[in-house]
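A short worksheet on the structure shown next.
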Amino acid sequence: MHKDVERILLTKEQISDKVESIAKEIDKDYAGSVPILLCILNGGAVFAVDLMRQMQVDAEIDFMQVSSYGKGMRSRGEITILKDAYLDLKDRDVIIIEDIADTCITLKGLIKKLKEYRPKSLKLCVLINKTGVREPSEDIDIDYKGFDIPNVFVVGYGLDYANKYRDLPYVGILKPEVYS
Ligand code: PRP
5 MHKDVERILL TKEQISDKVE SIAKEIDKDY AGSVPILLCI LNGGAVFAVD LMRQMQVDAE
65 IDFMQVSSYG KGMRSRGEIT ILKDAYLDLK DRDVIIIEDI ADTCITLKGL IKKLKEYRPK
125 SLKLCVLINK TGVREPSEDI DIDYKGFDIP NVFVVGYGLD YANKYRDLPY VGILKPEVYS
């Protein structure tokens, strides 16, 4: 275990089992279609490529990078697009692939933006959903969800702190002294 990690929350095995079961669900739902997996950088990259390799249906992958930072913007629930999708999403089945839903501001902003591209369908696949963060009215429907976790500071499997720890094969709780 990494020295900065207090405890492992999701093991490598738990994650790979979950990725496999989500891939099977997507296979079933998208039989006969070629969905676009729209990976949200940077955190979603590890999950997206693992998921794609477990799926049997043909899929395309594309990448977007957004930021919900900037005080005023965040409170207005807006996002800035740092890198837009390369593929034309119009009339396509699009699945957003995210590592984590926290306040859900990023996802809400993304969904609003992506609807402007007129995809045939738009679904949401999130590995980790933080609970106890949002009011029920601020919640969002996640079509494919991996794990519900409490409101703890997690890193690994794509999730970072100051751009570190993304390479850990598990999801762990970061020691408070690292970020405080
Ligand atoms: C993280 C994560 C989500 C977002 C979730 O991204 O990957 O995109 O925060 O937070 P929210 O639900 O409160 O909006 P971040 O902006 O840290 O970039 P990264 O993926 O490059 O780490």
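To convert, count from 1 in the sequence shown and add 4; that's our numbering.
We put the CB at the ideal spot given by N, CA and C, even for glycine.
Would you kindly report the start and end of the unbroken beta strand (DSSP E) that includes residue i?
i	result
leucine 131	125-134
leucine 42	40-45
methionine 197	Nothing in the structure corresponds to residue 197, since the chain is present only between 5 and 184.
isoleucine 109	It is not in any beta strand (DSSP E) - isoleucine 109 instead sits in the alpha helix (DSSP H) that spans 109-119.
tyrosine 169	From DSSP, tyrosine 169 is part of no beta strand (DSSP E); its letter is neither H nor E.
Where do the N-terminal and C-terminal ends of the alpha helix (DSSP H) with residue i fall, by residue?
i	result
serine 25	16-33
aspartate 92	No alpha helix (DSSP H) holds aspartate 92; DSSP gives it neither H nor E.
On the three-state DSSP scale, how would you describe residue i?
i	result
isoleucine 83	coil
aspartate 54	helix
arginine 102	In the sequence under discussion, the amino acid at residue 102 is glutamate, which differs from the arginine named in the question. Glutamate 102 falls in the strand class under three-state DSSP.
valine 182	helix
glutamate 10	strand
glycine 48	coil
methionine 77	With a pLDDT of only 49 at methionine 77, under 50, the local geometry of the prediction cannot be trusted, and the value read off the model is given with reservation. Residue state, collapsed to three classes: helix.
glutamate 139	coil
Give a yes or no on whether the C-beta atoms belonging to residue i and residue j are separated by under 8 Å.
i	j	result
isoleucine 99	leucine 42	yes
serine 72	glycine 113	yes
aspartate 62	valine 38	yes
aspartate 145	arginine 122	no
glutamate 164	isoleucine 132	Residue 164 is actually aspartate in this sequence, not glutamate. No; because the gap between Cβ atoms is not below 8 Å, this pair is not in contact.
aspartate 143	lysine 127	no
methionine 59	aspartate 31	yes
isoleucine 101	alanine 52	yes
valine 50	glycine 176	no
leucine 172	valine 159	yes
valine 70	threonine 110	yes
Which partner residues of residue i appear in the DSSP bridge assignment?
i	result
aspartate 152	Asn133
valine 159	Gly176
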